[in-house]
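S.K.: Please see the structure below; I have some questions.
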Amino acid sequence: GTRQGGVLSPWLFLVFIDDLIEELKNTKAGSFLGSLYFGLPMFADDLTMLSRLKSGLDRMLKTAWEYSQKWRFNFSVTKIFGESQQEHEANNRSRAWKLGSQILSEKGSWSNLGKLWLANRDSKEIVSKATCAGREVCFMLMAVGTRYGGLNPMVSSNLWRKIGILKFLYGSELWQLKMNNYIELEKVQNIMVRIMQGLLPGTSGSAARGLLGLLSVEAEIDKRKLYFLGRLINMGAGAPCRRVFFIRLLRWKWNCGKKLTGFVPDIVEILAKYDLLQVLITYILTNDFPIKTLWKKTVNKHVREQYDRVWRQKISKNNQLYLYSKVHTKNEVSHWWIIARKNPSFMKEINNVIRLICGSYKVRGKRVDHPNTYIDYCDSCNRNYLNPVNHALLYCLGSQNERELLWDWVNDNLPLEVAVYLALLF
86 GTRQGGVLSP
96 WLFLVFIDDL
106 IEELKNTKAG
116 SFLGSLYFGL
126 PMFADDLTML
136 SRLKSGLDRM
146 LKTAWEYSQK
156 WRFNFSVTKI
166 FGESQQEHEA
176 NNRSRAWKLG
186 SQILSEKGSW
196 SNLGKLWLAN
206 RDSKEIVSKA
216 TCAGREVCFM
226 LMAVGTRYGG
236 LNPMVSSNLW
246 RKIGILKFLY
256 GSELWQLKMN
266 NYIELEKVQN
276 IMVRIMQGLL
286 PGTSGSAARG
296 LLGLLSVEAE
306 IDKRKLYFLG
316 RLINMGAGAP
326 CRRVFFIRLL
336 RWKWNCGKKL
346 TGFVPDIVEI
356 LAKYDLLQVL
366 ITYILTNDFP
376 IKTLWKKTVN
386 KHVREQYDRV
396 WRQKISKNNQ
406 LYLYSKVHTK
416 NEVSHWWIIA
426 RKNPSFMKEI
436 NNVIRLICGS
446 YKVRGKRVDH
456 PNTYIDYCDS
466 CNRNYLNPVN
476 HALLYCLGSQ
486 NERELLWDWV
496 NDNLPLEVAV
506 YLALLF
C-alpha cells in the first residue's frame, strides 16, 4: 500500500510495481481463459493474484516475497488475505497461505473497488450490504430536507436519482439476484418515496413511485447491466475485460443447451426481457454495435416502456388504487406536485389529495379507496353519500362556498390546461 496523501510513496510504488508484475507473469502460474492470461488484475495500488491451483498461488506469493526482499520493501501482511471460491470446506481446513515466513489469513468475502466478492457466491450478504447503504443515504437525504414538510417531492426525487440510487446500487452490474433479493432492495426505495411525499406506511410502493416517475429497483439494476454491456463492447479491442467477455459470449453462442452462469447468461436474459436480444445477435454476426450515446437512449426507451406496462398492470389489479388508476394513468411526475412547486403554501392540502388518490387517507376510520365502499351520513348538509371525496368536492352544501372560492382561484391563477385537467378529474 501507499501512504495516504503522499507524493513520493505513490511514485516509488509505480517504479517498483512494473517489474514485479512482469516477474509474476513470467511464472505462468496465474489463471488463463483460453490463451488469455488474467492472473494479475490490478487497479491503482491494489494487486490481485488469481490462480486455479494452490500451488500456482504459492509460486506467485513466493515470487512477490523474493522481489520485495531484493528491493528492500515490505508488504503489509494485515492487508493481505486469501479467498477460495467454489471449494469444499474439507479442502481448506489444514491449508495455510504464506508470504515468506508470515501466515496470511483466509476470508470468505473480499471487497475490491466497492464490489463484494463472496466465496460461496451467496447473494444475501450483497443484498444486506446494499440495503444498509440504501438506508444510510436515505437518512442523509432526509437530513437535508427530502421528507414531508421539507423539499418539494420533485426536488427530493431528483436527489434520490442523482445521489441515492448511485450509492444504493453501486456495483449492481455484477450482482446475481433472485426475486426475494429484489423485494428486499425495493423496500428501501419504497420507504424513501413514501417519506418524501408524506404518504402513510402501507401505501403501495408502485403508486408512490408512479407519482414521481421512478423506476423499480429491478428495472434500475437491469438498466445498469445493459449500460455495462455497452461499455464492454465499445472498449478497445485489446482490453482484457472485453476479450474475456467475448470468449464467454462465444461459449454461450455454441453452448445454448448447457447450463451457464455469470454475466453473459444474465445479460442475455435481460436483453430478451426488454426486446433487445437482436442487438447482441447482430453484434455477434456483424461486429456492429451502437455507439455509447445511442445505446443509452435505446436502453432507456426499452426499459421505460417495459416497466410502464408492468406498472399499469399492477395498478389496475390493486383494488385499493381504484381512485389512483382513474386520475394517474402514466408513470410520470404528478400534476399535483407541479402545482405544489408553484404554490408551496398549499402543500398540506395537496398532500391530503395525494393521500386520497393513493388510498391511504381515512374518513371516520374508513380507508378512501373505492367509490362504492361507503354508505355514510354528512353532518354538514344532512345527506347520505357513497364517496366522501366526490361529495365534499362536488355536492356537499356545507362546502359550497369553499368550493366556489377554490374553483375561482384555479381559473384565475393556474394555466388553462391545468384547470381543464382538474375539472376532468371529477
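Residue 86 is where the sequence shown starts when you use this note's numbering, and the numbers rise one by one after that. Note that beta-carbon positions come from the ideal geometry of N, C-alpha and C, so glycine has one too. Computed from a predicted structure; not experimentally measured.
Looking only at its own chain, which residues have a Cβ that is under 7 Å from the Cβ of residue 403, when we skip the five neighbours before and after it?
M.R.: One-based indexing of the sequence shown puts residue 403 at position 318. Cβ neighbours of residue 403 beyond the five flanking positions: 289.
S.K.: Within the chosen definition, does the segment 429–436 reach the segment 389–409 through at least 3 CB pairs nearer than 8 Å?
M.R.: Segments in contact, no.
S.K.: Where does residue 284 sit, in a helix, a strand or coil, going by DSSP?
M.R.: Within the sequence shown, numbered from 1, the residue matching residue 284 stands at position 199. Coil at residue 284, not helix or strand.
S.K.: Can you list, in chain order, the residues of its chain whose CB lies under 8 Å from that of residue 372, leaving out five sequence neighbours each side?
M.R.: Stepping through the sequence shown from its first residue, residue 372 is reached at position 287. Around residue 372: no qualifying Cβ.
S.K.: At the 7 Å Cβ level, is residue 294 part of the contact set with chain C, yes or no?
M.R.: Absent from the structure: chain C. Only one protein chain is present.
S.K.: Look up residue 273 in the DSSP assignment and say whether it is helix, strand or coil.
M.R.: Taking the sequence shown and counting its residues from 1, one reaches residue 273 at position 188. In the structure shown, residue 273 sits in a helix (DSSP, three-state: H, G or I).
S.K.: Just to check my reading of the structure: residue 257 and residue 306 have Cβ atoms closer than 8 Å, yes? What is that Cβ distance to the nearest angstrom?
M.R.: Here residue 257 corresponds to residue number 172 of the sequence shown, with the count starting at 1. Here residue 306 corresponds to residue number 221 of the sequence shown, with the count starting at 1. Right, the Cβ-Cβ distance comes to about 5 Å (below 8 Å), so this counts as a contact.
S.K.: Measuring CA to CA, which of 158, 160, 249 is closest to residue 229?
M.R.: Residue 229 sits at position 144 when you count from the first residue of the sequence shown. The shortest C-alpha separation from residue 229 is found at 249.
S.K.: Measure the CB-CB distance between residue 239 and residue 421 and report whether it falls below 7 Å.
M.R.: The residue given as residue 239 occupies position 154 in the sequence shown. The residue given as residue 421 occupies position 336 in the sequence shown. It is not a contact, given that the beta carbons lie outside the stated cut-off.
S.K.: CB-CB under 8 Å to residue 414, same chain, minus the five flanking residues each way: which ones, in chain order?
M.R.: Your numbering for residue 414 matches position 329 in the sequence shown. Once the five neighbours on either side are set aside, the close Cβ partners of residue 414 are 397.
S.K.: Taking 8 Å as the limit between beta carbons, can you name the residues of its chain near residue 379, skipping five residues before and five after?
M.R.: Against the sequence shown, residue 379 aligns to sequence position 294. The answer is none, since no qualifying residue turns up.
S.K.: Do residue 132 and residue 116 count as a contact pair if the criterion is CB distance below 7 Å?
M.R.: By one-based count along the sequence shown, residue 116 stands at place 31. By one-based count along the sequence shown, residue 132 stands at place 47. No, Cβ-Cβ distance for residue 116 and residue 132 is not below 7 Å.
S.K.: What is the rounded straight-line gap between the Cα of residue 354 and the Cα of residue 310?
M.R.: Taking the first residue of the sequence shown as 1, we reach residue 354 at position 269. Taking the first residue of the sequence shown as 1, we reach residue 310 at position 225. Taking the straight line joining both Cα atoms gives about 11 Å.
S.K.: Tell me whether residue 419 is buried or exposed, calling it buried when 16 or more other Cβ atoms sit within 10 Å of its Cβ.
M.R.: Residue mapping note: residue 419 aligns to position 334 of the sequence shown, counting from 1. Counting Cβ neighbours within 10 Å, residue 419 comes out buried, since at least 16 surround it.
S.K.: Between residue 298 and residue 416, what straight-line distance do the alpha-carbon atoms span, to the nearest angstrom?
M.R.: Within the sequence shown, the letter at position 213 stands for residue 298. Within the sequence shown, the letter at position 331 stands for residue 416. When rounded, the distance between both Cα atoms is 5 Å.
S.K.: Give the DSSP-derived three-state secondary structure of residue 437 in the structure shown.
M.R.: Along the sequence shown, read from residue 1 onward, the residue named residue 437 stands at position 352. In the structure shown, residue 437 sits in a helix (DSSP, three-state: H, G or I).
S.K.: Measuring alpha carbon to alpha carbon, tell me which residue in 492, 350, 491 is nearest residue 261.
M.R.: In the sequence shown, residue 261 corresponds to position 176, counting from 1. Comparing Cα positions, the closest option is 350.
S.K.: Mapping the DSSP letters down to three states, classify residue 263 as helix, strand or coil.
M.R.: One-based indexing of the sequence shown puts residue 263 at position 178. Looking at residue 263 - three-state DSSP - the assignment turns out to be coil, as it is neither helix nor strand.
S.K.: What does the Cβ neighbour count give for residue 277, buried or exposed, with the cut at 16 atoms within 10 Å?
M.R.: Locating residue 277 in the sequence shown gives position 192, counting from the first residue. It is buried - the Cβ of residue 277 has at least 16 other Cβ atoms within 10 Å.
S.K.: Decide if residue 323 is buried, meaning its Cβ has at least 16 other Cβ atoms within 10 Å, or exposed.
M.R.: Here residue 323 refers to the residue found at position 238 of the sequence shown. The residue in question, residue 323, is exposed, as its Cβ has fewer than 16 Cβ neighbours within 10 Å.
S.K.: Just the Cα atoms here: how many angstroms apart are residue 504 and residue 334?
M.R.: Along the sequence shown, one-based indexing puts residue 504 at 419. Along the sequence shown, one-based indexing puts residue 334 at 249. Cα to Cα, residue 504 sits roughly 55 Å from residue 334.
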